[in-house]
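Participant: Following this message is one structure expressed as structure tokens.
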Amino acid sequence: YFVAPYEGNVPAFGFDLASHPVRLKFLHESRDTGKSIATDKIYLVQEQHQNVGVLVFSPFYGVGDVPKTLAERREKLKGFILGVYRVEDMINKMIISRLKEGMSLTIYQGDDTDAKNKLFGGLIENPPLQVRQQIEFFGRLWTILWQGSFDFNKDLKDNYAVWASAGVLVLFIFI
């Protein structure tokens with residue numbers, strides 16, 4: 229019923245999320261648990277370039293607290309609040325623009341770093357520095373792979389890895 233900002237999201241206006249089986253599965257999970265739930269990577273309805281996105285569904289019951297039982301949650305559900313995140317735009321604006329030359333960030337859904345699970349980034353071949361970390365993003369496991377090339381290694385005194393890691397942490401707290 230509502231889309232903000234309207235400009236750029238016109239194709240998504242009026243799209244019935246429950247009409248798509250994958251999205252419906254996550255709507256049901258969010259409703260039944262009473263928690264905000266992220267989808268696996270999807271291609272957004274409003275995108276022309278097939279950018280990878282993630283939807284975050286938050287159930288709205290119209291009362292102060294989440295109902296205690298599954299039956300109550302199903303009965304009292306009024307709707308959902310939906311967050312739409314274009315992964316590439318989000319990470320580029322918040323993190324990549326601040327990375328030092330020679331640093332790389334790649335994000336995968338799940339714990340398998342296979343190309344089919346990639347949400348963002350590109351790997352450096354044979355990096356001298358690599359850090360792997362897993363986080364939970366609204367009920368989904370994401371694997372974050374930080375890499376540094378020899379260009380990054382030549383000037384570590386600025387400690388960019390610490391600032392970039394702090395940026396990622398702030399990003400996920402913000403979301």
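When we follow my numbering, the leftmost residue of the sequence shown carries the number 229, and every step to the right adds one.
Backbone N, C-alpha and C fix where the C-beta goes; we use that ideal spot for every residue, glycine too.
Can you round the beta-carbon distance between TYR289 and LEU305 to whole angstroms, since I take them to be within the 8 Å contact cut?
Facilitator: Their Cβ separation, rounded to whole angstroms, is 6 Å, which keeps TYR289 and LEU305 in contact under 8 Å.
Participant: Compute the minimum distance between the beta carbon of GLU300 and the heavy atoms of the ligand FAD, and state whether it is under 7 Å.
Facilitator: The model on display carries no ligand, and the ligand FAD is accordingly not part of it.
Participant: Nearest CA to the CA of PHE378: which residue from ASP342, GLN361, THR261, MET331?
Facilitator: Answer by Cα proximity: MET331.
Participant: From this set, GLU329, GLN337, ARG360, which residue's C-alpha is nearest THR267's C-alpha?
Facilitator: If we check each option's Cα against that of THR267, GLN337 comes out closest.
Participant: Ignoring anything shorter than 4 residues or poking outside the stretch 288-363, list the alpha helix (DSSP H) runs there in chain order.
Facilitator: Correct list: 298-304, 315-322.
Participant: What does a CB cutoff of less than 8 Å around THR297 pick up in its chain, not counting 5 residues either side in sequence?
Facilitator: Around THR297: no qualifying Cβ.
Participant: Roughly how many whole angstroms lie between the Cα atoms of PHE285 and VAL312?
Facilitator: Taking the straight line joining both Cα atoms gives about 9 Å.
Participant: Hey, out of LEU255, GLU353, ARG326, GLU316, whose CA is closest to ILE335's CA?
Facilitator: Of the candidates LEU255, GLU353, ARG326, GLU316, the one whose C-alpha sits nearest the C-alpha of ILE335 is GLU316.
Participant: Specify, as a first and last residue, the run of the beta strand (DSSP E) that THR371 falls within.
Facilitator: First-last of the beta strand (DSSP E) with THR371: 368-376.
Participant: With a cut-off of 8 Å on the beta carbons, I'd call ARG302 and ASN279 a contact; round off their distance for me.
Facilitator: Rounded, the Cβ-Cβ distance is 33 Å, inconsistent with contact.
Participant: Determine the burial state of ARG360: buried for a count of at least 16 other Cβ atoms within 10 Å of its Cβ, exposed for fewer.
Facilitator: So ARG360 ends up on the exposed side.
Participant: Quick check: LYS269 and LEU347, are their CB atoms within less than 8 Å of each other?
Facilitator: Yes, they are a contact pair.
Participant: With a 10 Å radius around its C-beta and 16 neighbouring C-beta atoms as the bar for buried, classify VAL250 as buried or exposed.
Facilitator: Label assigned to VAL250: exposed.
Participant: So, with DSSP's three-state summary, where would you put PHE254?
Facilitator: Helix at PHE254.
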